[in-house]
Amino acid sequence: MAISIKITKTTQSRISECDFNNIKFGNIFSDHMFVVDYEDGEWKNAEILPFGNLSLSPSTFALHYGQAIFEGMKAFINNNGEAQLFRPLDNWKRLNLSAKRMGMAELPADIFMDGLSKLVEIDKQWIPTLPGSALYIRPFMFAADNYVGVRTALKFKFVIFTCPVNAYYPKPLRVLVEQKYVRAFNGGVGNVKAAGNYAISMLPTTEANNKGFDQIIWTDGNEHKYVEESGTMNVFFVIGKKVITPNLDGTILAGITRDSCIKLLKSEGYEVEERKVSIDEIIEAHKNGLLNDAFGTGTAAIVAKIATFNHNGIDYNLPDVNTREVSNFLYKQLNAIQTGNAEDKFDWNLPIRNAAINI
Ligand code: COI
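In the working numbering, the protein residues as written are 4 to 362.
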């Protein structure tokens, strides 16, 4: 049975503070948030309330031991003026994969979907409609015990808030192939969306930024030989006509945008290979004039073109981004599907009216 959600709407919307013609990623938040607690083996106290601070004890478990996970997803306005979610159940599944790996409570689908759809409907006017923009949705869960000993937590808090956004990267990227630091290793948590995966990227990324790079291309932890991800994105290369991307071997996040891109490309007749991709192969393809495209994919990033990559101090420049066949196709096609301007043949969109809501 669906959990009942207490709803308290704001009496003072902040929407007039949002300049929808000039949205920066991630620093203006919609009016409401959804919060639900896990205690005594069950989810309870589900609530939608005005976006605001959470009150936490300094002993909150997640602040010490990093038991925290999150998701990133998006909502759009379709051609009928309705709010719709893009592949929400895939995010729910991945959230629970992350929860399982991190020893956290799994969240039932009905609580996720009901909280999410009610929240998005209540803040529907926050969904931007300019090309490339969307309502970014941030579901997250953290261990909420007030306890300083180390053991799996017993209490969790799950929260969803939203924010109007544009694409995360405003321009084509200059990326550094990382040779020193490692993002993930076999048996670790690289394949789930654990907050700590992002924490460990901060220093390497800052060092790369200080050298003039926008992001890192992570390589494997054994030899720094195989490409894994780029920054917060999955990564694709186009060699000749073939599209290649690292396979999901346990150290790479199963991106939902990654999966959407692979399905779209295959349905258009492209050959797509998911396999180990060595940096030597990419450099060799570049030398032979065959490296036609390289890009990252992610919910926030959408499809972000790589202009240049640097390996061992050498810059490798890729073709002009405007001439790129694959990344331009994917960017346009994804957006067209998400906004209802192209056929949704994979049934990825979920209009809010089809989610159980009763506001
Ligand atoms: C995503 O939602 O795509 C992320 O990984 C989060 C971050 C880049 C804002």
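By construction, the Cβ of each residue, glycine as well, lies at the ideal position given by its N, Cα and C atoms.
Bear in mind the structure is a predicted one, so any value in this text is a computation, not a measurement.
DSSP-derived helix/strand/coil call for residue i
i: E378; result: This structure leaves residue 378 out entirely; the chain is present only between 4 and 362.
i: G299; result: strand
i: I72; result: strand
i: E231; result: strand
i: E276; result: strand
i: C372; result: Limits of the chain in this structure are 4 at one end and 362 at the other, which puts residue 372 out of reach.
i: N250; result: coil
i: P322; result: coil
i: I285; result: helix
i: M236; result: strand
i: T165; result: strand
i: L98; result: helix
Closest residue to residue i among the options (Cα-Cα distance)
i: T300; options: N344, T342, E232, D350; result: E232
i: W95; options: G84, M76, D22; result: M76
i: S60; options: K279, Y150, P207, K196; result: Y150
i: I317; options: M205, E181, S204, I305; result: E181
i: G234; options: Y172, F28, T63, K335; result: Y172
i: G135; options: F28, D43, F312; result: F28
i: V246; options: S101, L98, D296; result: D296
i: I305; options: K335, F312, Y229; result: K335
i: N25; options: P167, L206, L353, N189; result: P167
i: K158; options: K290, R177, L333, S62; result: S62
i: I6; options: S33, F79, K103, Y41; result: Y41
Residue i beta carbon near the ligand COI (any heavy atom closer than 6 Å)
i: T254; result: no
i: A303; result: yes
i: G364; result: Here the chain has residues from 4 to 362 only, and residue 364 is not among them.
i: G75; result: yes
i: T248; result: no
i: T235; result: yes
Cβ separation of residue i and residue j, assumed to be a contact under 8 Å, to the nearest whole Å
i: E277; j: N250; result: 4 Å
i: G69; j: G199; result: 5 Å
Worksheet item: Using 8 Å as the Cβ pair cut-off and three pairs as the minimum, do the region 223 to 237 and the region 323 to 330 touch?
Response: no
**Q.** Three or more C-beta pairs below 8 Å linking the region 260 to 275 and the region 208 to 216
**A.** no
- prompt: Does the region 106 to 123 come close enough to the region 142 to 154 that 3 or more CB-CB pairs lie under 8 Å?
  reply: yes
* Asked: Taking three-plus beta-carbon pairs below 8 Å as touching, is the region 124 to 133 in contact with the region 40 to 50?
  -> no
Quick test of the definition: if touching needs 3 or more C-beta pairs under 8 Å, does the region 80 to 94 touch the region 202 to 209? no
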